[in-house]
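Working notes for the structure below.
2 protein chains.
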Amino acid sequence: MTFIEGGVCAPAGFTANGVLCGIKKGRTKNDLALIESEVPCSAAAVFTKNLVKAEPVKLTKKHIANGAAQAIVANSGNANACTGEQGYANAERTAELAASLLGLNTEDVLVCSTGVIGQQINIGAIESGMEALCEGLSKSGNAAAREAIMTTDTKHKETAVEFELGGKKARIGTMAKGSGMIHINMGTMLGFITTDAAITPKMLDAALRESADQTYNCVSVDGDTSTNDTLCALANGLAGNPLIASKNADYRAFVSALNAVNTRMARMIAADGEGATHLLECVVNGAKSAEAARNLAKAVISSSLVKAAFFGKDANWGRILCAMGYSGEHFSQEGTSVFFDSGAGEIEVFHNGVPLDFDEPKAKEILGETEVKIRIELKDGKENGTAWGCDLTYDYVKINGDYRT
Amino acid sequence: MTFIEGGVCAPAGFTANGVLCGIKKGRTKNDLALIESEVPCSAAAVFTKNLVKAEPVKLTKKHIANGAAQAIVANSGNANACTGEQGYANAERTAELAASLLGLNTEDVLVCSTGVIGQQINIGAIESGMEALCEGLSKSGNAAAREAIMTTDTKHKETAVEFELGGKKARIGTMAKGSGMIHINMGTMLGFITTDAAITPKMLDAALRESADQTYNCVSVDGDTSTNDTLCALANGLAGNPLIASKNADYRAFVSALNAVNTRMARMIAADGEGATHLLECVVNGAKSAEAARNLAKAVISSSLVKAAFFGKDANWGRILCAMGYSGEHFSQEGTSVFFDSGAGEIEVFHNGVPLDFDEPKAKEILGETEVKIRIELKDGKENGTAWGCDLTYDYVKINGDYRT
């Protein structure tokens, strides 16, 4: 498996585009994105677990129910959430517009939105931009598209891989937005995956859920699960591999490639969390189950106190034990050891349940790096898990103290 | 029922004291507190739900198992958590020292600690300060005691009430510390309640749990449940009321007085959350159950995004709906209305599921006050609930970026 360029346009048969249509006043980046496959696709999606679901989430759930889709329209600048019937009609209008210009059925167009909650979306702007959006679709349109879904993201997020599948070369490409209102029940607001692998909707759905649990669902920026979180996958089958219709060896190869792209995206989202200065990766080894390992790791990277300590480069491991203690998972404190690890080296701070008298300047140096790993060794079993987060900074507060106005 | 002065010393038969013994280098406030009753007490406590429990929590659980106690020793500057056998021995030594100087059984002394996790406590300092601590016990010692449990608290927290109980005047007094590492499973680190009411240990325990669920367990500062949270109550019976041994009318009167002091403390803790500039009170009316109302209110005041918005005086009510949506409670969005309310007036921002076009400058004025109420009206039932929190500020990050070193 090798990482390649091209993002969502890397797999055969996918094109994309992005335009600035003016949904939110003052924005200078693109705000409307489109991804299309030249042929119909197997489609699967996982959505926010928030009871308050945005209108486009409701629409996309309906459109994807048959396991088929061919295009995705996504906008930033307005979440179209808590907007009632008018909001739903606007999401539907967006799908209809794209479908008529692309010659598709409205039901084969998925719609995703991100931005401020509780304001009606500027549907006039979307109407005015849709024609240019559809006409400009191209094999290099991933760059324009990935920009259009950014909100407080400081960096665009995309990746792609090429891998062997049933004797054929297959590709998976993806783009996502992250930044804030991100928690472990769907650790992203929007993520789009394209692939030319041939896979049934049912197996695509299984693969997406399996992979999301180990990747997107292990990211937290601020503990808030948004109203709009959506991770969609479209598979058009143009790679020509034997159709994956069961959990066979090809399915495993597909999931493995999917995990590779999703893990990379999860790390990007955490690293670019609102205001973040450090990517925190917490690895728990020796747990009694993979789920326990992930839950412990998630509790650690979700703790405001742990996050603030890393901002201050303070090796305050007591807060890590504290977070593990309220994770809801049982573990043996006596068998627990904690290490900090980065490009500047590794240091153990807690060994088999006993505090160590460690080298403070060395620890500060290790925590001074941009990417820091918290490694927790347990003696409860053989399972491992990883979660990703970021530090809590002045800038997080600044960004969110005045986001809407 | 009337609020009175005197804190934990207000009830008959209770004295207190606090000294500076030097547990943490550089501290100039008292760091060791003692509360004693002149006669044996019914005793009850609720503890942190964190799996990682501090050593004094383990000791106090053991000492209080028989429902009796007569004194409480508490220190700040060190949590004595994650410190293993040596830590437990130090907690035990603290109880022994106090017991021998006060002429009590060691088992009748409770021990509570707060401060940094993972460092052995300076037991020498405690040994050196204990004699002065015990000798200085007095009826006005509540001022010295309340200071000794403060960590990053900027204000001391105490209150007391006088009320009628079975034809006698009874009193309840309390002091607590709050500030950080505070979440809804015991929304405080340390809280001490004294009363001269006559009540059995079993009824005291029931009253304490019932009241804590509506008060301390409805406070969140940062979503972190600490390793040391303890709320203890001592009842010495000197009020002379008929012993409360069942859930009769006197029990209800006692719980009502207990709720009054605990609610006041919950508000003080939230208002003095680390770095806080606003007290946030979220009231949910019209819920299907009191528990649902409280859970919705807790989700709102626990959201980092809601908290940051209030810091910025931004009437971003979408984040409130978002937090309600992931609270785990079902509610009808169509029947939901949201109001902001403070000394500067009241404004409705969301009415029966529909966004309102409200007066932004007026909203900013309302959110500019130190105490702000978020009132949520549902149409799901007749039950109500309240939770307390604070805003998320630069200072929270600053305080916690470098707390340990």
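The listed protein sequences derive, respectively, from chains A and B.
Everything in the first sequence is counted per my numbering, starting at 1 for the first residue and increasing by one.
Everything in the second sequence is counted per my numbering, starting at 1001 for the first residue and increasing by one.
Don't be surprised by glycine CBs; every beta carbon is placed ideally from N, CA and C.
Determine the burial state of residue i: buried for a count of at least 16 other Cβ atoms within 10 Å of its Cβ, exposed for fewer.
i	result
A/D357	exposed
B/M1001	exposed
B/S1100	exposed
A/G328	exposed
B/E1291	exposed
B/E1005	exposed
A/V161	buried
B/Q1120	exposed
A/S220	buried
B/V1039	exposed
B/F1003	exposed
B/H1063	buried
B/A1065	exposed
B/L1191	What sits at residue 1191 of chain B in the sequence shown is Gly, not Leu. So B/G1191 counts as buried.
A/E158	buried
B/G1368	exposed
A/T60	buried
A/K169	exposed
B/S1042	buried
A/E274	buried
B/K1298	buried
A/S342	buried
B/E1281	buried
A/G385	buried
Mind checking which residues open and close the beta strand (DSSP E) that includes residue i?
i	result
A/M175	168 to 177
A/G18	14 to 19
B/C1282	1279 to 1287
A/I4	2 to 4
Give me, in chain order, the residues of the same chain whose beta-carbon lies closer than 7 Å to that of residue i; leave out the 5 immediate sequence neighbours on both sides.
i	result
B/T1015	C1009, E1036, L1137, S1138, K1139, G1141
B/A1079	A1054, S1113, T1114, G1115, V1116, I1117, T1227, N1228
B/M1150	K1029, S1076, H1156, K1177
B/L1392	S1304, K1307, A1308, F1311
A/L104	Q70, A71
B/A1257	M1001, V1161, F1163, I1172
B/T1263	T1215
A/K313	K364, L367, G368
Pull up the DSSP beta-bridge partners for residue i, would you.
i	result
A/N78	A/T114
B/E1036	B/T1015, B/A1071
A/A43	A/L234
A/G191	A/A176, A/L231
B/F1339	B/E1348, B/R1375
B/A1160	B/G1173
B/I1244	B/I1199
A/L165	A/K168
So the alpha helix (DSSP H) residue i belongs to, where does it begin and stop?
i	result
A/L102	84 to 102
B/E1274	From DSSP, B/E1274 is part of no alpha helix (DSSP H); its letter is neither H nor E.
B/E1055	1055 to 1063
B/S1302	1290 to 1302
A/A323	318 to 325
Take residue i and list the residues in its own chain whose beta-carbon comes closer than 8 Å to its own, dropping the five residues that flank it on each side.
i	result
B/G1013	S1037, E1038, V1039, D1196, N1236, L1238
B/V1349	A1315, W1317, V1338, F1339, F1340, P1355, L1356, F1358, A1363
Quick one: residues in its chain with C-beta nearer than 6 Å to the C-beta of residue i, no 5 flanking neighbours on either side, listed in chain order?
i	result
B/A1287	A1293, L1378, D1380, G1381, E1383
B/K1247	none
A/S18	Inspection of the sequence shows that residue 18 of chain A is occupied by Gly rather than by Ser. Excluding residues within five positions, the ones whose Cβ falls inside 6 Å are N30, A33, A144, A145, E147, A148.
A/M175	G7, V8, R146, E158, F192
A/M189	T114, K177, S226, N228, D229
Restricting to runs no shorter than 4 residues, where is the alpha helix (DSSP H) found entirely within the stretch 110 to 157 of chain A? 123 to 135, 142 to 148
Any alpha helix (DSSP H) of 4 or more consecutive residues that is wholly inside the stretch 193 to 240 of chain A: 201 to 214
At which residue ranges does the stretch 1341 to 1394 of chain B contain complete beta strand (DSSP E) runs of 3 or more residues, listed in the order of the chain? 1345 to 1351, 1371 to 1377, 1383 to 1390
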